[in-house]
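Going line by line, the protein sequences match chains A and B.
Okay, so the first sequence: first residue is 1 according to our numbering, each after it adds one.
Okay, so the second sequence: first residue is 1001 according to our numbering, each after it adds one.
The beta carbon of each residue, even a glycine, is placed where N, CA and C say it ideally should be.
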Amino acid sequence: MTTLETQATPMTQKSTPTEMTHAVPAQAMGGLHTETTLIEVKDCNLFYGSKQALFDISMNIPAKRVTAFIGPSGCGKSTLLRCINRMNDLIEGVRIEGSMNINGINIYDRRTDVIELRKRVGMVFQKSNPFPKSIYENICYGLRIAGVNDKKVLDEVVERSLKGAALWEEVKDRLHDSALGLSGGQQQRLCIARAVAVEPEVILMDEPCSALDPIATAKVEELIHELKKQFTIVIVTHNMQQAGRCSDYTAFFYLGKLIEFDATERIFTNPKEKQTEDYITGRFG
Amino acid sequence: MSSQAATWESTAEKKTVVPKKAAASVKLVDKAADLVIRAGGLLIIGAVFAIMFFLIKECVPLFMPAKSEIVFTKPWPGLTGEQKPLFVGIDNNQAVAYALDAGSKSLILANAYTWQPILQVPIPALAASEITASYRVPYEDEFFAGTQDGKVLAAKMPVETTYGADNAPSYLADVLERFFVQVGQDPVRLVHGRVRESNVYVAAVLESASGQSVFSVIAPDGEEPVVEPVQGQWDGVIRQVLMDDEGSKLLVLTDKGTIYHYFLDNDRTKPFAVYEAKEGRRPTAIEWVIGDASMLVGFSDGSLEHWLQVRKKSTDVMRAYVKSYDFDSLKGAVTAIVPSSHTRGFVAASDGGSVHVGFTTSERTLLKLQAPAPVEALVYGAKNTAVLAYDKNKNATIWTVENPHPETTFKTLFSKVWYEGFDQPEFAWQSSSGSDSFEAKYSLTPLIVGTVKGAFYGLLFAVPMAIFAALYTSQFMHWKNRAIVKPTVEIMAACPSVVVGFLAGLWLAPLLESVTVSVLLMVFVIPTVVLALFMCWSRVPQYYRDKVPHGMELVILVPAVIVGFMISNALGPVVEDIFFQANFKQWVFNVFGEQMEQRNCIVIGLAMGFAVIPIIFTISEDALTNVPRHFVSGSLALGASRWQTATRVILPTASPGIFSAVMIGFGRAVGETMIVLMATGNTPIMSMSPFNGMRTLSANIAVEIPEAPVGSTHYRVLFLAAVVLFMMTFAVNTAAEIVRQRLREKYQAV
């Protein structure tokens, strides 16, 4: 955390999220206007080299809610998700225009510390990716790299995070066994627990259940439901039922454009756009 | 199977574009490929085993026990005297046995195989007097005889066997007088001597009613012999005198078992050292081992010891004897000891009839033979393949002895051995020299130590460099640079090691010698300069940094390294002046007590490092690059920096691959020959010190195999060195594989 203290980035100056939330603009649809916005995307264009992948995306993602991104493959939903914690930086030749604010701070500002950003915006990937370490060390990883090495604190965080990810009962007797010995569903929940352990504000989930069986999927969805009490969750999913079951708001993307963004209930029962309806009813995609 | 095939047969009738049945040619090619691959694999395994088998086969004789067979026990044909022959011997071809008959005053020759008398050669010089003492030099056709009237004869007795057309042997023997000198008026009781390059050195004991007196008779290079007395107070009747082959050392053994040790050049009036009998046993027979430096001492209780000369202080010129080895005891008192003519072997016999064949270097009693009666005279054939004992019953017994490699035991090969001229047991490798009396030293330990040392210093330089380079290349470098850097480093491996060794030995070593301090400074200065540069770089405003295209930061490293190089070069002499008393070499000698060699481990490290860096770099780089990207993403998404990700996730995950890279590098360094041959100085020393060189197993084989006679001990020991090298690399690779499997299990990627 030393870097945060020495470098006075705008993010650290405004460390209390609640007071910085903005009212959702009036033109927002459905119940959105009653929510407080956490992530504000404005005219976001993204290019992979010369190929444009996102076109003028503007949306306000509300705090402490689950927002689902849906759409056919290649529609840019994962790309947008990865913009939120700047994971796209790792890809060669990516160029982003427009702005993306979290708590009113532009995360693409030159002075923004990416490392701090990622500590605030955690991510769970499509493929569960526990490190080849013990369960305990996997959870601790985020704390250890931040310089927290106090055994008492770590023990506490591990227990709390695993309980938070509904994994504690299953693994409490083998915390020091390799995380790779867990089942696929357990590994994914471990990754969620790992993300939770650093206490982020936002958790991004990139198709977290696509490699899981229905029972494991149900557990993760249950977990998402629990987590939204504390965290803002953005989830990319191919599974329409999943979006319907566990999200509060749904955004539908098509060919790099945001087609419709509204309360999940409305999207699924009464979509405004024809394309949305076609996709939801399974006519394409 | 067949029913299924039948159904498929029927369905295949439906015409489809893609034929469902594989063509016969496809199956044939498949089968052939399978066969070829299998045969290739088996051939490789077979070849490795064949090499191993061949190497071991060449070494096995080193460890074979000695074999012996008794040929016969027969009385000597043609001896006339009542008493025993004055001496017995066998010629250099081991075809003719001879004895000096006191009665007829002639040499009596017999065919050593058929035991038929051949010739009788009279000795005219002795015709007028009675022979009272004699001694045959064990490794020359030379003998000495003393007479009743106080004269000593030195003579050569060449025996030649020629084979005619019908393969029938014909013999030619003669006695050529060297000198016949009057030593005193009293009868000569004992005589002993050596002949070296026509210098004759004799010691004689004369006995009169009034007492006994010892004389040295020295005739250098055919000149008139000089007779001089040796003075001393002897505590009993003198039983033996020994004169060495320089006319300097003289040993006198009395019947009380006391040995008086003279250095005649130094003091003829009193002994330099006196060794008294202890513990109720006394020496009864003594004899030099070849080279006349160490000696064998036989005792009244049958025990047999090897004594070596040892310095008390490093400045001592004259050295006293101390006991070095014990051999198996004989039955009864030791009566005769005969050294081998060209090795450190010997034969000893006792009045209990024991005949032991032994070897001093290896501390071995090779054979325990039994003669039918107490042994009075003994011969060890010139080829060390026959032993003749003449016993109290006037019978000669001949044994054949087969033991081509008496000098090798596990102890002499791998442990400390107390060699002649050494003050304590040591590890030593010194396989050959110009003289026959040289004691070959075949300890593989210095070579093994040298091998490990070379590999260690090579890796000390190469491992950090290669692994950090791999980490940087795989994790931080721009992919465009990476595409250039990796193949370039790999090309380094293509540089012939003989070129690397040549440059290191003949160009780098002399160069480094003068700038050692600067080179050592570079280890610290260059990284410091580079780090300082990057510190400055991080202070440069982002705006300017963004202007530099990604990947070009490498270019600014080049001047940094050059500047670091120049700073070290300039600082070197200054630092040497201030901290190392203006002379690093002298400072090393003062502080560590070690001479700093030109061919030292800095040179080896650089040269060997150059050879092993490419292989370690390539394998490590692959291992690091192959760490699944999702680990990297997972780590970064948790707010880890790239460095944290690299050290905490990527390095551990790639550790099995890096480990095997290091081990393969180690294997390469252990087996490396040309570099160590040319750049190490090839001194077989037992030292891990970085200031001197080494001799490795591989370089040793390369250096010495051309000069080792096929089938000799030296030749077989070199093969053993090859086996040891093989085993070392085998052990390292096996251990590496086991560890790698374990690590891989631990860090396996899902």
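* Any C-beta of chain B under 8 Å from that of residue 266 of chain A -> Numbered from its first residue, the first sequence carries residue 266 of chain A at position 266. Not closer than 8 Å to any Cβ of chain B, the Cβ of residue 266 of chain A fails to qualify, so no.
* Cα separation between residue 218 of chain A and residue 63 of chain A? -> Here residue 218 of chain A refers to the residue found at position 218 when the first sequence is read from its first residue. Here residue 63 of chain A refers to the residue found at position 63 when the first sequence is read from its first residue. Roughly 23 Å between the two C-alpha positions.
* Rounded separation between residue 117 of chain A and residue 1639 of chain B - CA only -> Residue 117 of chain A sits at position 117 when you count from the first residue of the first sequence. Residue 1639 of chain B sits at position 639 when you count from the first residue of the second sequence. Rounded to whole angstroms, residue 117 of chain A to residue 1639 of chain B spans 7 Å at the Cα level.
* Asked: Should residue 1445 of chain B and residue 1468 of chain B be called a contact, given that it needs their Cβ atoms to be closer than 8 Å?
  -> For the purposes of this step, residue 1445 of chain B is identified with residue 445 of the second sequence, where counting begins at 1. For the purposes of this step, residue 1468 of chain B is identified with residue 468 of the second sequence, where counting begins at 1. Between residue 1445 of chain B and residue 1468 of chain B, the C-beta spacing is not below 8 Å.
* To do: Please work out which residues of its chain come closer than 7 Å, Cβ to Cβ, to residue 1753 of chain B, disregarding the five sequence neighbours upstream and downstream, and give them in chain order.
  => In the structure as shown, chain B starts at 1001 and stops at 1750, and residue 1753 of chain B therefore has no counterpart that could be examined.
* Asked: Closer than 9 Å, Cβ to any Cβ of chain A: which residues of the segment 1616 to 1645 of chain B, in chain order?
  -> Those would be 1628, 1629, 1630, 1631, 1632, 1633, 1634, 1635, 1636, 1637, 1638, 1639, 1640, 1641, 1644 and 1645, in chain order.
* Where are the alpha helix (DSSP H) runs, 4 residues long or more, that stay fully inside the segment 67 to 111 of chain A, in chain order? -> The segment 67 to 111 of chain A contains these whole alpha helix (DSSP H) runs: 77 to 84.
* To do: Please list the segments of the beta strand (DSSP E) lying wholly inside the segment 1364 to 1420 of chain B, counting only runs of 3 or more residues, in order along the chain.
  => DSSP runs (the beta strand (DSSP E)) wholly in the segment 1364 to 1420 of chain B: 1364 to 1370, 1375 to 1380, 1386 to 1391 and 1395 to 1402.
* Asked: Got a sec? Which residues, its chain only, sit under 7 Å from residue 1447 of chain B by beta carbon, not counting five neighbours each side?
  -> Against the second sequence, residue 1447 of chain B aligns to sequence position 447. Closer than 7 Å at Cβ, skipping near neighbours: 1429, 1684, 1695, 1696, 1697, 1700 and 1721.
* Asked: If you compare alpha carbons, which of B:1229, B:1397 and B:1466 is closest to residue 1621 of chain B?
  -> Position 621 of the second sequence, counted from the first residue, corresponds to residue 1621 of chain B. When each option's Cα is compared against that of residue 1621 of chain B, the closest is B:1466.
* residue 1652 of chain B touches chain A at which residues, Cβ-Cβ below 9 Å? -> Translated into the one-based positions of the second sequence, residue 1652 of chain B becomes position 652. Those within 9 Å of residue 1652 of chain B in chain A are 131, 132 and 133.
* Asked: When you compare each of B:1533, B:1545 and B:1579 to residue 1564 of chain B by their alpha carbons, which one comes out closest?
  -> Mapped onto the second sequence, residue 1564 of chain B falls at position 564. Minimum Cα distance to residue 1564 of chain B is reached at B:1533.
* Confirm, please, whether the CB-CB distance from residue 234 of chain A to residue 291 of chain A is below 8 Å. => The shown model of chain A, from 1 to 285, leaves out residue 291 of chain A, and the question about it has no answer.
* Closest by C-alpha distance to residue 224 of chain A, when choosing among A:269, A:208 and A:57 -> In the first sequence, the residue the question calls residue 224 of chain A occupies position 224. Taking only the C-alpha atoms, the option nearest residue 224 of chain A is A:208.
* Could you check what DSSP says for residue 277 of chain A in three-state terms: helix, strand or coil? => Numbered from its first residue, the first sequence carries residue 277 of chain A at position 277. Helix at residue 277 of chain A.
* So residue 207 of chain A is in the alpha helix (DSSP H); what residue range does that whole segment cover? -> Sequence index remark: in the first sequence, residue 207 of chain A carries index 207 (1-based). Run containing residue 207 of chain A: none; DSSP gives neither H nor E here.
* Between B:1325, B:1599 and B:1357, which lies nearest to residue 1403 of chain B when the distance is taken from Cα to Cα? -> Within the second sequence, numbered from 1, the residue matching residue 1403 of chain B stands at position 403. Comparing C-alpha distances from residue 1403 of chain B to each of B:1325, B:1599 and B:1357 shows the shortest one belongs to B:1357.
* Output, in chain order, the set of chain B residues within a Cβ distance shorter than 8 Å of residue 87 of chain A. => As a first step, residue 87 of chain A is located in the first sequence; it is residue number 87 there, counting from the start. Per Cβ cutoff of 8 Å: 1633, 1636 and 1637.
* To do: Kindly list the residues whose CB is nearer than 7 Å to the CB of residue 1183 of chain B, restricted to its own chain and excluding five residues on each side of it in sequence; keep chain order.
  => In the second sequence, residue 1183 of chain B corresponds to position 183, counting from 1. For residue 1183 of chain B, where only same-chain residues beyond five positions count, the Cβ hits under 7 Å are 1150, 1151, 1152, 1204, 1206, 1215, 1217 and 1227.
* To do: Tell me whether the beta-carbon of residue 1324 of chain B lies closer than 8 Å to the beta-carbon of residue 1303 of chain B.
  => Counting from one through the second sequence, the residue named residue 1324 of chain B turns up at place 324. Counting from one through the second sequence, the residue named residue 1303 of chain B turns up at place 303. For residue 1324 of chain B and residue 1303 of chain B, no; Cβs fall outside 8 Å.
* Kindly provide the ranges of any beta strand (DSSP E) runs that are 3 or more residues long and lie completely inside the segment 1140 to 1178 of chain B, ordered along the chain. => You should have 1142 to 1147, 1151 to 1156, 1159 to 1163 and 1169 to 1173.
* Of all Cβ atoms in chain B, is any one closer than 8 Å to the Cβ of residue 59 of chain A? -> What you label residue 59 of chain A is simply residue 59 of the first sequence in a count that begins at 1. The beta carbon of residue 59 of chain A does not come within 8 Å of any beta carbon belonging to chain B, so the residue lies off that interface.
* At a CB-CB cut-off below 8 Å, which residues of chain B make contact with residue 41 of chain A? -> As a first step, residue 41 of chain A is located in the first sequence; it is residue number 41 there, counting from the start. Per Cβ cutoff of 8 Å: no residues; residue 41 of chain A is ~19 Å from chain B at best.
* DSSP-derived helix/strand/coil call for residue 235 of chain A -> The residue you call residue 235 of chain A lines up with position 235 of the first sequence. Residue 235 of chain A falls in the strand class under three-state DSSP.
* **Complete runs of the beta strand (DSSP E) confined to the segment 1553 to 1601 of chain B [at least 3 residues]** => Runs found: none.
* Please report how far the alpha carbon of residue 1746 of chain B lies from the alpha carbon of residue 1441 of chain B, in whole angstroms. => As a working mapping, residue 1746 of chain B is identified with position 746 in the second sequence. As a working mapping, residue 1441 of chain B is identified with position 441 in the second sequence. Cα to Cα, the separation comes out at about 48 Å.
* For residue 1625 of chain B versus residue 1490 of chain B, is the C-beta spacing smaller than 8 Å? -> Position 625 of the second sequence holds residue 1625 of chain B. Position 490 of the second sequence holds residue 1490 of chain B. No, they are not a contact pair.
* Asked: From residue 1319 of chain B to residue 1310 of chain B, what distance separates their C-alpha atoms?
  -> In the second sequence, the residue the question calls residue 1319 of chain B occupies position 319. In the second sequence, the residue the question calls residue 1310 of chain B occupies position 310. Whole-angstrom Cα-Cα distance: 5 Å.
* Asked: Helix, strand or coil: how does DSSP classify residue 1201 of chain B here?
  -> Taking the second sequence and counting its residues from 1, one reaches residue 1201 of chain B at position 201. The three-state secondary structure of residue 1201 of chain B, taken from DSSP, is strand.
* To do: Find the nearest neighbour of residue 1575 of chain B within the set B:1553, B:1525, B:1540 and B:1544, judged by alpha-carbon distance.
  => Along the second sequence, read from residue 1 onward, the residue named residue 1575 of chain B stands at position 575. Of the candidates B:1553, B:1525, B:1540 and B:1544, the one whose C-alpha sits nearest the C-alpha of residue 1575 of chain B is B:1525.
* **Whether residue 1431 of chain B touches residue 1704 of chain B by CB criterion (8 Å)** => Residue numbering aside, residue 1431 of chain B sits at position 431 when the second sequence is read from its first letter. Residue numbering aside, residue 1704 of chain B sits at position 704 when the second sequence is read from its first letter. Contact: yes.
* With DSSP as the reference, label residue 1530 of chain B as helix, strand or coil. => The count along the second sequence starts at 1 and reaches residue 1530 of chain B at position 530. In the structure shown, residue 1530 of chain B sits in a helix (DSSP, three-state: H, G or I).
* Asked: Excluding sequence positions up to five away, which residues of its chain have a Cβ less than 8 Å from the Cβ of residue 94 of chain A?
  -> On the first sequence, position 94 is the one that residue 94 of chain A refers to. 46, 47, 48 and 88, listed in sequence order.
* Nearest to residue 1340 of chain B by CA position, among B:1406, B:1314, B:1118 and B:1072, is which residue? -> The sequence position of residue 1340 of chain B within the second sequence is 340, counting from 1. Of the candidates B:1406, B:1314, B:1118 and B:1072, the one whose C-alpha sits nearest the C-alpha of residue 1340 of chain B is B:1406.
* Alpha carbon to alpha carbon, what distance is there between residue 185 of chain A and residue 213 of chain A? -> For the purposes of this step, residue 213 of chain A is identified with residue 213 of the first sequence, where counting begins at 1. For the purposes of this step, residue 185 of chain A is identified with residue 185 of the first sequence, where counting begins at 1. Distance between the alpha carbons of residue 213 of chain A and residue 185 of chain A is about 8 Å.
* To do: Verify the CB distance criterion: does residue 1649 of chain B have a CB-CB separation below 8 Å to chain A?
  => Within the second sequence, the letter at position 649 stands for residue 1649 of chain B. Chain A contact via Cβ: present.
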